[in-house]
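Novice:
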Amino acid sequence: MTGPNRRSVIAAAGLASLGLTGCARAQTSRLELWNNATGPHLRGAVLAQRRVFPELDGTEFLGSGAVGVPVTDTALQALAASGANLVVLSHPGTVAEWAPYMPDLAVEDHLNDLVRRCELAGLYVVIGFRTGPGRSEFTFHRESADSWFPASMINDDVWTSREAQDGWDMMWRRTAERFRARANVAGYLLMVEPNANQAAPGPDGGDLDQWDPALLAEQVAGTPADWPALARRLSAVIREHDTETPILINPDGFGHSRFAGLLDLNSAPGIVLALHDYSPRGYTHQARGAGIDFELGEAEFIPPDAARWMMGEFGVARWAPQAARYLRRRVNSLERAGAGWAIFRWDSGWRVYEDRENMFNPVYGADPDAVTPPGDAPMLIALQDLWRRNRMHPQSLLRR
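What follows is the structure, given as structure tokens:
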């Protein structure tokens, strides 16, 4: 028998600090949920939602509420029953996207209800704002402008307007005050996939579209397009109102690791680097019938140079060849680094939407033509095996 290695010694110390002896007992700190030396402790999936625009969406496709797609209790319970213990809520901001930047109480109430229902299902949540003052959902669909939505609905003012950034300040202040005592809130994700590098104004009057970190830092310094500076500001705001809940930060470039070095991960206590990675994109985003395979090494993820980090989004088209094998290799590389993770994305339970939009939905199986969930979905089976490694659950934790 070999002696203990450094990781096992650190893990044993971390487990002691958690009040654990190889099995789950009461957690003492939410930050320890993101401890890469003892982890991963959190494994789950992303639920992505946006504001509903009846003129685009009608009243059924995304539901008739302020936020869609609706997420059913059955869907949350199915996720928990599959072994997951984490939901990353990629949620619309709770302050208006267009000036004047006022709180949107309907969106706030939706978020509060969703966090509550996740807790009832035994799921931790990360609250992440994909949109907010000066940032609309359509920044993620810029290439489709004037097709299914008018280009005028793209709003990237957050990268030019101090007033819009004041709105993000207010949004996170209100969020921290409202959710700081919620037992199942495992973190605040400041902005889902910041894209100043792409959408900020460039020197020629068009989009910046800068993918070199050093050049980006030079070009945005001292301007509203400096995402690391805004992240420092928002982290400080949260810490004024909530000293405990971990703060997760995506790098620029839609959460790409190449921009991670620009972030100040020590600007406030309890910061966790949150990365998104869909490499190799030609494989993970392939069209139906493309038949593109991956090299085994392409599924591996190289850990960043960060004390605490997690993978907040990754995924693969359900019809990609060997998709389940890709998931296992990707997750195992994250697990070796002790990193928590969430796959994009989980089924919402809203069939009128899911039966049409299910490229990354693991419950629909490998058949590209599937319009309803089959009984045996290879990706789902793989995920269930991986999620069942979880031992932490929020119902016994952090009752304050």
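For the sequence shown, numbering that gives the first Met the number 0 begins at 0 and goes up steadily by one.
Beta carbons: idealized from backbone N, C-alpha and C, even for Gly.
Within 10 angstroms of the Cβ of P368, are there 16 or more other Cβ atoms? Answer buried if so, exposed if not.
Specialist: Note that residue 368 corresponds to Asp in the displayed sequence, not to Pro. Exposed, by the Cβ-count rule.
Novice: Might you give, ordered along the chain, the residues of its own chain that have their beta carbon closer than 6 angstroms to the beta carbon of P372, omitting 5 neighbours on each side?
Specialist: V362, Y363
Novice: Quick check: the stretch 186-194 against the stretch 122-140, are there 3 or more CB pairs under 8 angstroms?
Specialist: yes
Novice: Applying the 10 Å Cβ sphere with the 16-neighbour rule, what's the burial state of W97?
Specialist: exposed
Novice: Are the CB atoms of P320 and G290 within a distance shorter than 8 angstroms?
Specialist: A contact, by the Cβ cut-off of 8 angstroms.
Novice: Does the separation of the CB atoms of W308 and V45 fall below 8 angstroms?
Specialist: no
Novice: Please list, in chain order, all residues of the same chain as D156 whose beta carbon is under 7 angstroms from its beta carbon, the five residues on each side excluded.
Specialist: G133, A163
Novice: Excluding five sequence neighbours on each side, which residues of the same chain lie with their C-beta closer than 8 angstroms to the C-beta of A376?
Specialist: R317, P361, V362, Y363, G364, A365
Novice: With a cut-off of 8 angstroms, do at least 3 Cβ pairs link the stretch 325-342 to the stretch 31-47?
Specialist: As far as the Cβ criterion goes, the stretch 325-342 touches the stretch 31-47, which means the pair count is three or higher.
Novice: Taking the beta strand (DSSP E) that G186 belongs to, which residues open and close that run?
Specialist: 184-188
Novice: Please list the segments of the alpha helix (DSSP H) lying wholly inside the stretch 56-102, counting only runs of 4 or more residues, in order along the chain.
Specialist: Scanning the stretch 56-102 for uninterrupted alpha helix (DSSP H) segments of 4 residues or longer gives 72-80, listed from N- to C-terminal end.
Novice: Is it right to say N196 is buried, meaning 16 or more other beta carbons lie within 10 angstroms of its own, or is it exposed?
Specialist: buried
Novice: Just tell me which of D276, I246, H275, Y277 has its CA closest to the CA of D263.
Specialist: I246
Novice: Comparing C-alpha positions only, which one of S256, R324, L261 sits nearest to F300?
Specialist: S256
Novice: How would you label L382, buried or exposed, when you count the other beta carbons within 10 angstroms and need 16 or more for buried?
Specialist: buried
Novice: R232: which of R335, A77, R172 sits nearest, CA to CA?
Specialist: Among R335, A77, R172, the Cα nearest to that of R232 belongs to R172.
Novice: Is it true that the CB of L207 sits closer than 8 angstroms to the CB of D251?
Specialist: For D251 and L207, no; Cβs fall outside 8 angstroms.
Novice: Sort out for me which residues DSSP pairs F128 with in a bridge.
Specialist: H90
Novice: Is the number of C-beta pairs between the stretch 63-74 and the stretch 345-354 that are closer than 8 angstroms three or more?
Specialist: yes
Novice: Buried or exposed for D211, please, with buried defined as at least 16 other CB atoms from any protein chain shown within 10 angstroms of its CB.
Specialist: exposed
Novice: What's the call for G92, buried or exposed, on a 16-neighbour Cβ count within 10 Å?
Specialist: buried
Novice: Within the continuous beta strand (DSSP E) that includes M310, where are the two ends?
Specialist: 308-312
Novice: Return the chain-ordered list of same chain residues with a C-beta closer than 7 angstroms to the C-beta of M378, the five sequence neighbours on each side being excluded.
Specialist: Excluding positions up to five away in sequence, the list reads R317, A322, A323, L326, P361.
Novice: Quick one: what does DSSP say R390 is sitting in, helix, strand or coil?
Specialist: Coil.
Novice: Can you grab the Cα-Cα spacing for the pair H392 / P202, in whole Å?
Specialist: 49 angstroms
Novice: Assuming the contact rule is C-beta atoms closer than 8 angstroms, G186 and V125 should be a hit. Round their C-beta distance to whole Å, please.
Specialist: 4 angstroms
Novice: Considering only their Cβ atoms, is the gap separating W158 from A220 smaller than 8 angstroms?
Specialist: Judged by beta-carbon spacing, W158 lies beyond the 8 angstroms limit of A220, meaning their Cβ atoms are not closer than that value.
Novice: If I follow the unbroken alpha helix (DSSP H) through W171, where does it start and stop?
Specialist: 161-178
Novice: Using alpha carbons as the reference points, say which of L30, N34, S28 lies closest to R335.
Specialist: Per the Cα distances, N34.
Novice: Which of helix, strand or coil does DSSP assign to V191?
Specialist: coil
Novice: Report all residues from its chain with a CB closer than 6 angstroms to the CB of N357; omit the five preceding and five following residues, and keep chain order.
Specialist: Y363
Novice: Would you call P53 buried or exposed, if buried means 16 or more other Cβ atoms sit within 10 Å of its Cβ?
Specialist: Counting the other Cβ atoms within 10 Å of the Cβ of P53 gives fewer than 16, which makes it exposed.
Novice: Mind checking whether R29 and N111 have CB atoms under 8 angstroms apart?
Specialist: no
Novice: Measure the beta-carbon distance from N84 to L55 and round it to whole angstroms, keeping in mind my assumption that it falls under 8 angstroms.
Specialist: Between L55 and N84 the Cβ distance is about 35 angstroms, and since that is not below 8 angstroms, they are no contact.
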